[in-house]
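First the structure, in the form of structure tokens, and then the observations on it.
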Amino acid sequence: MVTKTATTHSKPTLTAEHGLHLLKEMVRIRELENKSAELYTQMKIRGFLHLYNGEEAIAVGVMQALRPQDSIVATYREHGQALARGVPMNTIMAELYGKQEGCSRGRGGSMHLFDKETNFYGGNAIVGGGLPIAVGLGLAAKMQNKPNVTACFFGDGAVAEGEFHESMNLAALWHLPVFFICENNQYGMGTALKYSESVMNIAEKATSYGVAAEQIDGMDVLAVEAAAHRAMAFIQEHRKPYFIEFVTYRFRAHSMFDAELYRDKEEVEEWRKRDPIVVLRKHLLEQDLITLEDLETIQRDVMAEVEEAVAFAEAGTWEPVEDLTRFVYSEGDQA
Amino acid sequence: MTVAAQTRTLTYREAVREAICDAMHRDDRVFLIGEDVGRYGGCFAVSMGLFDEFGPGRIVDTPLCESGFTGAGIGAAMGGMRPIVEIMTVNFSLLALDQILNTAATYLHMSGGLFNVPLVIRMATGGGKQLAAQHSHSLEGWYAHIPGIKVLSPATVEDAGGMLWPALQDPDPVLIFENSLLYNQKADLTEPLPAVDIDHAAVRRAGDDVSIITFSMGVPKALEAADALAADGIHAEVIDLRVLRPLDNRTIIESVVKTHRALIVDEGWRSGGISAEISARIQEQAFYELDLPVARLCGAEVPMPYPKHLEQAALPQVDDIVTAVKRMVTPNV
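Chain order of the listed sequences is Z and H. Just so you know, we're using our numbering here: the first sequence kicks off at 274 and counts up by one. Just so you know, we're using our numbering here: the second sequence kicks off at 503 and counts up by one.
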């Protein structure tokens with residue numbers, strides 16, 4: 274979720290309160306993901322489960338710059354974005370269980386988290402499929418003269434899809450208020466970027482369409498946040514899209530079915546040294562902005578929240594089978 | 503003294519254009535988006551003149567990117583607009599199939615009912631103009647396979663004009679397939695244009711001997727065949743499906759219960775097509791009413807050939823319908 278006090282744009286003005294907030298938000302994601310992996314092995318969660326460990330700084334940093342009226346389009350690796358946007362952990366966990374108390378009534382599962390209150394438009398598990406949707410949300414905002422911005426998350430794998438290029442062109446051509454957020458974790462499932470892209474600088478591809486773009490360290494939440502504020506200010510001022518390639522790394526496997534044969538353990542260990550949580554923790558301690566006690570408090574609070582989310586999901590109920598064919602067509606007054 | 507209802511002659515193309523124009527005037531959330539819909543006037547000239555009237559803000563020319571602009575229509579629909587997405591032909595719509603199936607048809611369900619997609623997608627369909635194998639197919643039966651969307655097939659000028667507004671009122675995605683051979687068809691319509699529903703099949707001609715169940719170009723062909731059959735004392739009932747999803751079972755079954763014979767005419771390919779679905783439903787729901795097996799006339803299972811004689815041979819023709827019906831009503835002919 275976004276703190277009202279989060280006006281910090283760069284490291285020098287970081288307050289203890291905001292530093293703690295950023296840290297806690299990242300720890301919330303990390304522990305949600307760790308618990309999800311554990312529950313997967315217990316077969317409480319099934320299907321595909323794509324974890325966000327290592328990439329937390331991007332969701333948390335970006336959300337600080339978004340306002341309540343802004344929209345989010347995300348991918349199948351979206352637990353972090355949903356949580357950081359303010360979707361309750363309880364309903365996220367219930368969704369992972371497939372319970373009807375889940376944020377998508379259990380119909381979506383891990384890859385399809387949706388939430389109307391926070392304008393969270395999924396949870397799209399077709400790589401690149403969310404980009405045209407974000408363009409459309411941007412088009413609607415423009416046509417209605419609304420100040421909304423749409424934040425569109427996608428991975429480096431999406432860059433090879435035609436929908437990526439079509440969307441860059443449309444957003445630039447029509448001057449749409451879309452914030453494109455490329456989470457470049459350097460692997461499209463098991464294929465390294467160097468095996469899939471002739472030009473590996475992704476930000477450059479956006480630039481080639483006339484979209485203002487930059488490349489940012491996605492392991493540094495403060496850098497992410499500052500860049501996100503820059504992006505939002507640009508979009509609101511110019512009513513044009515903005516693109517940031519956040520370079521990051523996925524600490525865990527692509528999904529729970531991935532044996533990780535395509536990358537070296539040493540590479541993973543090297544990136545773990547840049548763990549965004551470790552990096553921020555170290556920075557805050559060095560700056561005397563927080564104490565070890567603060568860290569313990571965060572950990573304790575987050576673990577309690579996770580346990581409560583699990584209890585909520587466990588206590589959740591299965592949608593009656595008689596309801597199977599609901600939600601294929603609208604009921605009532607959605608129009 | 504009563505004033506006679508005003509009538510005027512309109513083409514199918516003009517009826518669609520007037521419907522778009524009317525919708526744009528009635529609801530400022532409505533806009534038209536697609537390739538060459540604006541400055542060019544639409545590849546089939548459906549939107550000719552609308553750009554001058556409404557401007558580039560509401561008649562939106564797009565680059566060639568079916569997936570991109572269809573997805574943009576979906577996003578805009580969820581963002582509060584009521585887009586009409588025009589795709590040039592059904593063959594090109596395959597480039598947007600990801601967005602149509604994986605997004606438009608799916609989001610409501612995947613979100614547990616949170617996000618509906620009030621979107622209309624129009625496209626041209628059908629063969630008969632020697633446009634060969636990448637511009638001539640009738641794939642609306644495929645689309646009718648997809649839960650979450652509605653599939654409309656206007657075969658008359660009245661439906662071409664009338665179906666758009668109710669489609670725009672629908673909270674979910676509606677696909678409208680306009681047969682390009684019908685664009686020049688004319689009819690006298692009352693003013694204002696009559697309202698139609700988008701739920702039911704229509705009995706276009708009543709008869710007792712056989713039910714010809716069809717849609718799109720099949721409708722004028724079946725009506726012509728019915729005229730020829732009537733000269734021989736055979737009374738064919740012609741059912742225009744109008745809506746391919748959800749299918750109006752009741753109208754189909756009531757007709758078959760009356761005639762005891764069913765011929766399905768579908769310009770699409772036979773295997774796994776909508777004709778197979780209709781045939782299965784008749785046999786599930788009216789098996790004991792049938793005097794003989796359900797018959798089908800479908801498009802030949804071949805990509806559409808270019809030469810006229812081969813294209814004509816690939817599509818069910820009036821003579822084929824007449825022959826098939828005669829065989830059904832007069833055994834051993």
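All C-beta atoms in this analysis are idealised placements derived from N, C-alpha and C, irrespective of residue type, glycine included.
Note on geometry: alpha-carbon atoms of Z/K389 and Z/I345 lie some 10 Å from one another. With contacts defined as CB atoms closer than 8 Å, H/I766 and H/R744 fail to qualify as a contacting pair.
In this structure, H/A598 sits near H/I589, with a CB-CB distance shorter than 8 Å.
The three-state secondary structure of Z/E374, taken from DSSP, is coil.
H/Y514 has a beta carbon lying at 8 Å or more from every beta carbon in chain Z. The DSSP-derived three-state label of H/A788 is helix. One finds nothing in chain Z with a Cβ atom closer than 7 Å to the Cβ of H/P558; even the nearest lies about 10 Å away. In the DSSP assignment, Z/T590 falls outside any beta strand (DSSP E) and carries neither an H nor an E. The continuous stretches of beta strand (DSSP E) do not include Z/P361, and DSSP gives it neither H nor E. Within chain H, no residue has its beta carbon less than 9 Å from that of Z/P361; the closest one is some 15 Å off.
Within chain Z, not a single residue places a beta-carbon under 8 Å from that of H/F594; the smallest gap is close to 14 Å. Within chain Z, the residues placing a beta-carbon under 7 Å from that of H/H611 are R380, F600 and V601, ordered along the chain. Cβ-Cβ distances below 8 Å link H/T832 to nothing in the same chain once the five nearest sequence neighbours on each side are left out. Residue contact check for H/L677 against chain Z: no CB pair falls below 8 Å.
Between H/E537 and H/R624, the C-beta gap is not smaller than 8 Å, which leaves the two residues out of contact. Partner residues in the beta bridge of Z/F453, as assigned by DSSP, are Z/C425 and Z/F516. Contacts with chain H at 8 Å (Cβ-Cβ) include Z/H385.
The beta-bridge partner set that DSSP reports for H/P585 consists of H/F533.
Within the region 382 to 451 of chain Z, the runs of alpha helix (DSSP H) at least 4 residues long that lie entirely inside it are, in chain order, 403 to 416 and 435 to 446. When 8 Å is used as the limit between beta carbons, H/F533 is near these residues of chain Z: M416, in chain order.
Contact between H/T761 and H/V820 is ruled out by a C-beta separation of about 19 Å, above the 8 Å threshold.
For H/D600, at least one C-beta of chain Z is nearer than 8 Å to its own C-beta. Put simply, of Z/A398, Z/P450 and Z/M416 the residue whose alpha carbon is nearest the alpha carbon of Z/T423 is Z/P450. Listed along chain Z are P405, G435, E436 and E439, each with a C-beta nearer than 7 Å to that of H/S569.
Assigned with DSSP and collapsed to three states, Z/Y535 falls in coil, not helix or strand.
H/N681 has H/T627 as its beta-bridge partners, per DSSP. Taking the beta carbon of Z/V408 as reference, the chain H residues within 8 Å of it are G570, G573, A574 and G577, listed in sequence order. Under the Cβ criterion (8 Å, minimum of three pairs), the region 406 to 417 of chain Z counts as touching the region 568 to 577 of chain H.
Between H/Y685 and H/R515 a beta carbon distance of about 4 Å is seen, short of the 8 Å cut, so the two are scored as contacting. H/M526 is classed as buried because its beta carbon has at least 16 other beta carbons within 10 Å across all chains shown. Using beta-carbon distances, H/F553 does not count as an interface residue toward chain Z, since no partner is under 8 Å. Only buried fits Z/P549, as 16 or more other CB atoms lie within 10 angstroms of its CB. Z/I302 and Z/L322 have their C-alpha atoms some 14 Å from each other.
Z/E518 and Z/C425 do not touch by the CB rule: their CB atoms are close to 13 Å apart, not below 8 Å.
Shown here for Z/E487: same chain residues with a beta carbon closer than 7 Å to its own, the five before and five after excluded, namely A476, A500 and I517 in chain order.
The beta carbons of H/I754 and H/I780 sit about 7 Å from each other, so the pair counts as a contact at 8 Å.
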